[in-house]
Each structure stands twice: as structure tokens, then as C-alpha cells.
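In the numbering used here, the protein residues as written are 33 to 242. Written below as C-alpha cells is the structure these notes are about.
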């Protein structure tokens with residue numbers, strides 16, 4: 033029998049591996065994107081690659097489609113043909129979870145008017161030195177929460193006259209998603225294990241290689 037996303041969140045062997053390795057890999061991503069001690073914006077893209085690599089490792093390369101057209105802005109990867117959006121957030125706050133990156137007010141309003149969930153969401157909530165989770169929100173749970181709140185209470189549009197970075201899911205709907213009966217999750221203790229990283233070593237070695 034072929035594996036499903038359910039197995040990723042319920043197979044004790046892979047769950048244990050995720051619990052052990054994801055904090056290490058995410059902290060490594062932070063160290064590799066730091067400049068002058070501050071984590072760079074690109075850390076989100078690196079975390080996304082780590083989670084996509086997890087899917088490839090567990091399900092096999094042939095079942096994971098990473099060649100997503102640039103026009104499909106909400107989709108990061110497809111697993112067995114199912115579109116998935118990957119989100120990561122550091123800290124307890126659930127504010128600022130982006131579902132679209134448009135900042136134009138007209139486009140944002142049009143997005144709200146026609147909005148409906150189109151892909152599953154994998155969401156990592158990173159709380160360093162504390163307990164956090166890797167969540168999976170299937171379409172069913174998103175549609176249920178959207179119906180409960182309604183679009184206006186579910187989506188936060190960019191504020192006129194400001195320079196925000198996109199359209200967000202509001203905090204209360206996010207809390208509801210975390211608790212939804214169809215949502216899957218893996219408990220993770222976010223411990224920082226890597227102590228020192230030479231971010232240039234790999235590139236130097238490639239330059240040296242004949």
C-alpha cells in the first residue's frame with residue numbers, strides 16, 4: 033500500500049526522526065542566513081526546502097513535484113498531485129501568516145472576494161527552547177474554519193497607506209485551524225543543537241574541486 037500524508041504524521045519511525053532532526057536543520061538554516069548576528073529574510077525559503085526534502089525523503093522523488101509554475105503563488109510543492117503550501121513562523125504569535133504576497137489594495141480586495149482554500153497547508157510553529165509543532169491543515173479543515181468565520185474575519189488585508197508584505201490569515205482563525213479535528217500535528221521540542229557553522233566552507237570546497 034502506498035504511503036499518504038497521514039503516515040508522515042503517524043508513523044512512529046518518521047515522527048521520531050522529524051522530532052530529532054527538524055530543530056537541528058531549522059537552526060542550521062538560521063545560522064546559514066545570518067548576517068551580523070541577525071537572521072535573514074531568506075530563512076523562510078531555506079526552511080521550505082528542508083520540509084520539501086522531508087517529503088522527498090519519505091515519499092520518494094517520483095511522488096513529489098517541485099516544478100511549480102511561478103503563477104501558482106500559493107503552491108510550494110505537490111505530493112501525489114495534491115498541492116501544498118508551506119508556512120513557517122518563529123514565536124508564539126500566530127499573526128503574520130501569509131497566504132498571498134500581493135500588497136496592491138485593489139488586487140488584495142479582488143483576492144478576498146474570490147478567495148477559497150485551494151491547497152493543503154504544512155505549518156511549522158518554531159518556539160526555540162520550548163514546545164512547538166509541525167502542523168498539517170488539509171483543505172477540509174481550512175474550508176470548515178473559513179465557513180465558521182466568514183471571509184472578512186478569516187483574512188487580513190494590507191492596511192491602506194502602509195507597506196505590509198501580503199495578505200494574512202487572522203490569528204483567531206489560525207488558532208481554530210490548530211485545534212481542528214482534521215488537523216494533524218507532530219509535537220516538537222525546539223532545541224538548538226548546532227553550535228558553529230562555516231557558511232562559506234562548502235563553496236570554498238567547490239571552488240577547490242577540479
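All C-beta atoms in this analysis are idealised placements derived from N, C-alpha and C, irrespective of residue type, glycine included.
Asked	Found
So, does the segment 79-92 touch the segment 33-50, judging by three or more C-beta pairs under 8 Å?	yes
Counting along the chain, where does the alpha helix (DSSP H) carrying residue 39 start and finish?	37-42
Kindly list the residues whose CB is nearer than 6 Å to the CB of residue 186, restricted to its own chain and excluding five residues on each side of it in sequence; keep chain order.	178, 205
Leaving aside the five residues before and after residue 105 along the sequence, list all residues of the same chain whose C-beta is less than 8 Å from its C-beta, in chain order.	132, 133
Residues in the same chain with beta-carbon distance under 8 Å from residue 96, minus the five sequence neighbours each way, listed in chain order, please.	84, 87, 88, 109, 110, 111
Could you please give me the residues that DSSP links to residue 164 through a beta bridge?	220
Which same chain residues end up closer than 8 Å to residue 113 when comparing Cβ atoms and leaving out the 5 residues on each side of it in sequence?	97
With a Cβ-Cβ cutoff of 8 Å, do residue 210 and residue 50 count as a contact?	no
When the Cα atoms are used, what is the spatial distance from residue 231 to residue 62?	11 Å
Please state the DSSP three-state secondary structure of residue 94.	helix
Is it right to say residue 222 is buried, meaning 16 or more other beta carbons lie within 10 angstroms of its own, or is it exposed?	buried
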